[in-house]
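Novice: Number 414 marks the last residue of the sequence shown (numbering that gives the first Met the number 0); no jumps. All residues carry an ideal CB built from backbone N, CA and C; glycine is no exception. One structure coming up, written as structure tokens, with questions to follow.
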Amino acid sequence: MKLGKQSIGVGDRFTHQGIAQLRAIVKANTKGLNISPVWNKSNREHIYVGTEPADTRKEADEAVKALNYKGQYFVDADHINLTTVARYVDVSDFFTLDVASYIGKESSSEEVDAFVTSCKKYMGELQIPGMESPLNVTVELLQEIACKFLAATQHASEIYAYLKKEKGEANFITEVSMDEVESPQTPVEMFFILKMLADKGVPAQTIAPKFTGRFNKGVDYVGDLDQFAMEFEEDVLVLDFAVKEFGLPEELKLSVHSGSDKFSIYPIMADVILRYDKGLHLKTAGTTWLEEVIGLAVAGGEGLDLAKKIYENSYNRQEELCGPYADVINIDGSKLPSVKEVNGWSSEKFANTLRHIPGHADYNANFRQLIHVAYKVAAEMGSAYTDLLVKYADVIGSCVEENIYERHLRRLFTI
Ligand SMILES: [Zn+2]
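Set out below in structure tokens:
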């Protein structure tokens, strides 16, 4: 099973927007692209919302059927490990093996030594084709990399072995993710991580590193754009070389766990993948939930009332809701409007404050991040929330479609 060159992960917390998301992708594909949709949902999201992995499969299949979509599509068990993978086996065909928590876990000195010895041919100046200057590979560097990543790649191979036994080889896509950590992996680390994966027989088709900079939820990238551009380009070159050196799947590509809406790095990635004729996988998730709230606000009446209620709850429960996301949000509480103020807002004002149009006079990134982490509030509302998703499906669906197409796909794939 092959993922295909271009793909996008469209997470959907409440599993109501599959058709609208697919409409956006079909629209891009009519412009000459061939982007595969992947419905990703992490174990954590399923727990918060109270959905089952089978719900995501049902959503994907129904969207594909409704639009008579003939292309490839996948259902991603996002951020799973050996303890959580079992309930995804039957319904997923894309597995994101999250090994971040194994980075830095101890490996035996025999394993470290064996790895260092196996890298003999790369010691000294290692020239990656296309890179300006060679990498300087020393025994110390290799030891350091082995101590940091051997256990993580070992864990990836254990999850992979389990999936291979349960699903059969080549019946699923394998991604390895290391993005949920503080410090980014460097291109030289990436090269040797890929060697470890190849040595351990993990046929990764996508790899998700932690990139430099902050990937706060639902808002734009915060960091040094030049540094990101250099790192992203070097990673692309490293992957290309690693495929040839280690015999990894030739479709191996980067997976960017974007936390949604990293608009300022989209053109940078678009430029690199066009220049090198490479593929990309980009995951979004919360951006669709935010469009649901925007759509409710736009609908007015009880839709707007519910959107305001969600804000009121989020505002009053900030500590609890933000806690689990502390590392990936940055909310300035002094810039949050009061509940009283928001309760006086029109549909337009609410939607413009939340909708991610940088530079718009009403846009408020603090407001947006708070609503981003507040999907738990909507989940608790149960059918009071989902009934309105059904009632206002048209207006919400057009918000979701426009967001994925206009703000994401067009920037990412240079449409
Ligand atoms: Zn991730």
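(1) Is any beta-carbon of chain B found at less than 8 Å from that of Y87?
(2) Rounded to whole angstroms, what is the Cα-Cα separation between I403 and A197?
(3) Ends of the alpha helix (DSSP H) at W344?
(4) Within 7 Å: the Cβ of D112 and any heavy atom of ligand 1?
(5) Could you tell me whether the region 111 to 131 touches the region 165 to 178, using the rule of 3 or more Cβ pairs below 8 Å?
(6) According to the Cβ coordinates, are L335 and F366 closer than 8 Å?
(7) Taking the CB atoms as reference points, tell me whether L96 and Y265 lie closer together than 8 Å.
(8) Any heavy atom of ligand 1 closer than 7 Å to the beta-carbon of D75?
(9) Would you kindly report the start and end of the unbroken beta strand (DSSP E) that includes A76?
(10) According to DSSP, what are the bridge partners of G300?
(11) Output the boundary residues of the beta strand (DSSP E) element that contains K282.
(12) Can you tell me whether E181 sits near ligand 1, meaning its C-beta is under 7 Å from at least one heavy atom of the ligand?
(13) Would the beta-carbon of S346 fall within 8 Å of that of G396?
(14) Please determine, among K375, N28, N67 and D178, the residue with the shortest C-alpha to C-alpha distance to E44.
(15) Please state whether the Cβ-Cβ distance between L81 and E157 is less than 8 Å.
(16) Measuring alpha carbon to alpha carbon, tell me which residue in T352, F231 and F94 is nearest R274.
(17) For a test of your reading of the model: does the CB of S176 fall under 7 Å from any non-hydrogen atom of ligand 1? Yes or no.
(18) Once you ignore the five residues that flank V235 on each side, which residues in its own chain have a CB closer than 6 Å to its CB?
(19) Regarding A207 and ligand 1, is the C-beta to nearest heavy atom distance less than 7 Å?
(20) Please find out if some non-hydrogen atom of ligand 3 comes closer than 7 Å to the beta-carbon of H78.
(21) Roughly how far, in whole angstroms, is the beta-carbon of A350 from the beta-carbon of V389, given that I think they are within contact range, below 8 Å?
(22) Decide if I46 is buried, meaning its Cβ has at least 16 other Cβ atoms within 10 Å, or exposed.
(23) Using 8 Å as the cut-off, can you tell me whether the region 279 to 286 makes contact with the region 298 to 312, which would need three or more C-beta pairs spanning the two stretches below that distance?
(24) Give me the residue from G17, V84, R213 and Q71 with the minimum Cα distance to Y161.
(25) Can H256 be considered in contact with ligand 1, in the sense that its beta carbon sits closer than 7 Å to one or more heavy atoms?
(26) Helix, strand or coil for N39, going by three-state DSSP, please let me know.
(27) Are the region 251 to 268 and the region 53 to 61 touching by the rule of at least three beta carbon pairs closer than 8 Å?
Specialist: According to the structure shown:
(1) No chain B is present in this structure, which holds just one protein chain.
(2) For the purposes of this step, residue 403 is taken as residue 404 along the sequence shown, with counting starting at 1. For the purposes of this step, residue 197 is taken as residue 198 along the sequence shown, with counting starting at 1. Near 34 Å, if we compare the C-alpha coordinates of A197 and I403.
(3) Reading the sequence shown from its first residue, position 345 is the one you call residue 344. Run containing W344: none; DSSP gives neither H nor E here.
(4) By 1-based counting over the sequence shown, the position of residue 112 is 113. Answer for D112: no, Cβ out of range of ligand 1.
(5) no
(6) The sequence position of residue 335 within the sequence shown is 336, counting from 1. The sequence position of residue 366 within the sequence shown is 367, counting from 1. It is a contact, given that the beta carbons lie within the stated cut-off.
(7) Your numbering for residue 96 matches position 97 in the sequence shown. Your numbering for residue 265 matches position 266 in the sequence shown. No. Outside cutoff.
(8) In the sequence shown, the residue the question calls residue 75 occupies position 76. Not so, every heavy atom of ligand 1 lies at least 7 Å from the Cβ.
(9) Along the sequence shown, one-based indexing puts residue 76 at 77. Taken as a continuous stretch (DSSP letters only), the beta strand (DSSP E) holding A76 covers F73 to I79.
(10) The residue you call residue 300 lines up with position 301 of the sequence shown. DSSP, once it has assigned bridges, lists no residue as partnering G300.
(11) Stepping through the sequence shown from its first residue, residue 282 is reached at position 283. Residues L279 to T283.
(12) Position 182 of the sequence shown holds residue 181. Checking the Cβ of E181 against ligand 1 gives no.
(13) Against the sequence shown, residue 346 aligns to sequence position 347. Against the sequence shown, residue 396 aligns to sequence position 397. Against a cut-off of 8 Å, the Cβ pair of G396 and S346 comes out as no contact.
(14) Here residue 44 refers to the residue found at position 45 when the sequence shown is read from its first residue. Considering only alpha carbons, the answer is K375.
(15) As a position in the sequence shown, residue 81 is number 82, starting the count at 1. As a position in the sequence shown, residue 157 is number 158, starting the count at 1. Taking 8 Å as the Cβ cut-off, L81 and E157 qualify as a contacting pair.
(16) Against the sequence shown, residue 274 aligns to sequence position 275. Among T352, F231 and F94, the Cα nearest to that of R274 belongs to F231.
(17) Stepping through the sequence shown from its first residue, residue 176 is reached at position 177. Under cutoff, so the answer is yes.
(18) Walking along the sequence shown from the start, residue 235 turns up at place 236. Excluding positions up to five away in sequence, the list reads V271, Y275 and K277.
(19) For the purposes of this step, residue 207 is taken as the residue at position 208 of the sequence shown. At least one heavy atom of ligand 1 is nearer than 7 Å to the Cβ of A207, so yes.
(20) This structure lacks ligand 3; its bound ligands are ligand 1.
(21) Translated into the one-based positions of the sequence shown, residue 350 becomes position 351. Translated into the one-based positions of the sequence shown, residue 389 becomes position 390. At roughly 20 Å, the Cβ-Cβ gap does not stay under 8 Å, so A350 and V389 are not in contact.
(22) On the sequence shown, position 47 is the one that residue 46 refers to. That one is exposed.
(23) no
(24) Counting from one through the sequence shown, the residue named residue 161 turns up at place 162. For the residues G17, V84, R213 and Q71, the minimum Cα distance to Y161 belongs to V84.
(25) Working through the sequence shown from its first residue, we reach residue 256 at position 257. Yes.
(26) For the purposes of this step, residue 39 is taken as residue 40 along the sequence shown, with counting starting at 1. Residue state, collapsed to three classes: strand.
(27) no
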